[in-house]
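Residue numbers (the numbering used here): 8 to 205. Virtual Cβ for every residue (Gly too), placed ideally from N, Cα, C. These figures come from a predicted structure and were not determined experimentally. Remarks on the structure that follows.
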Amino acid sequence: MKTKTLNTNRFIKLSLLSAIAVILMYIDFPVIPIFPWLKIDLSDVPALMGAFAFGPLAGVIIELMKNLLILIVKGTGTGFVGELANFLVGVALVWPAALVYKKNKTKKTAILGMVLGVLCIEVVGILANVYLLLPAYGMVMSKAELMQYVTVGLIPFNGIKSILVCGITYALYKKVSVSIFKVEPMLDKPKQIKENLG
Numbered sequence: 008m009k010t011k012t013l014n015t016n017r018f019i020k021l022s023l024l025s026a027i028a029v030i031l032m033y034i035d036f037p038v039i040p041i042f043p044w045l046k047i048d049l050s051d052v053p054a055l056m057g058a059f060a061f062g063p064l065a066g067v068i069i070e071l072m073k074n075l076l077i078l079i080v081k082g083t084g085t086g087f088v089g090e091l092a093n094f095l096v097g098v099a100l101v102w103p104a105a106l107v108y109k110k111n112k113t114k115k116t117a118i119l120g121m122v123l124g125v126l127c128i129e130v131v132g133i134l135a136n137v138y139l140l141l142p143a144y145g146m147v148m149s150k151a152e153l154m155q156y157v158t159v160g161l162i163p164f165n166g167i168k169s170i171l172v173c174g175i176t177y178a179l180y181k182k183v184s185v186s187i188f189k190v191e192p193m194l195d196k197p198k199q200i201k202e203n204l205g
């Protein structure tokens, strides 16, 4: 009975985080003028917070649920390519970040995990766009155009987005982990403080 209650409680929290992520998907803005379709939203913040609280798989579930929910509520204007892109790069960020943090929950591992997530989102973003997303969307580019898109568009876009997401998550996670998630962040234990000081 206790396990069932815990699972139900976790499902409710993941559903709530997914709903918050959907709301955040409506608040987006372009950052690269020559590629106006590259819009930043902060919907990966709830996914990363959920992944830190409940593990990497929870982050993947939130990424999946938010994109399924946005399809139901809003539909797609990209033939599902935009939603697939959002899911792939979101998972590329939250999975490795949470995997590192899960092994030893400290400020250091949180930062290291997020740095790894930023690197992964850059690699996955490039590979997914070049070999899957652009062809699926029917967008044909010359080699020069593709190089410009990657270097001037994708790399700075994914970098700015992931750093924003990680920064906000780092600032908020400790505040909400106990009060909302009922999860001990383990960031203020004497051992961790000693490690951080030297």
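Cβ-based burial, residue i [other Cβ within 10 Å; buried from 16]
i, result
"Ser149", "exposed"
"Gly84", "exposed"
Paired residues, beta bridge with residue i - DSSP
i, result
"Ile39", "Ile39 pairs with nothing; no bridge assigned."
"Lys168", "In DSSP, Lys168 forms no bridge with anything."
"Ile47", "Phe36"
Closest Cα partner of residue i within the set the options
i, options, result
"Ser22", "Glu70, Met32, Thr113 and Ala135", "Glu70"
"Lys181", "Ile133, Thr10, Leu106 and Gly57", "Gly57"
"Lys46", "Ile34, Ala54 and Pro53", "Ile34"
"Val183", "Val98, Leu139, Val52 and Ala26", "Val52"
"Ala60", "Tyr156, Leu95, Tyr108 and Pro142", "Tyr108"
"Ala54", "Pro103, Val157 and Gly160", "Pro103"
"Thr176", "Lys73, Val122 and Pro43", "Val122"
"Ile27", "Phe36, Leu76 and Lys168", "Leu76"
"Ser25", "Thr15, Thr10, Lys73 and Val38", "Lys73"
Opening and closing residue of the alpha helix (DSSP H) in which residue i lies
i, result
"Val98", "Val88 to Lys110"
"Thr116", "Lys114 to Ala135"
"Tyr144", "Leu141 to Tyr144"
"Gly160", "Taken as a continuous stretch (DSSP letters only), Gly160 belongs to no alpha helix (DSSP H), as it is neither H nor E."
"Met72", "Pro63 to Val80"
Heavy atom of the ligand ADP within 8 angstroms of residue i beta-carbon
i, result
"Pro103", "What this structure holds is no ligand at all, so the ligand ADP is not there to describe."
Counting Cβ pairs, one atom from each stretch, are 3 or more of them under 8 angstroms apart for the stretch 137-152 and the stretch 87-103? yes
Is there contact here, the stretch 116-132 with the stretch 154-165, by at least three beta-carbon pairs under 8 angstroms? Output reads yes: the stretch 154-165 touches the stretch 116-132.
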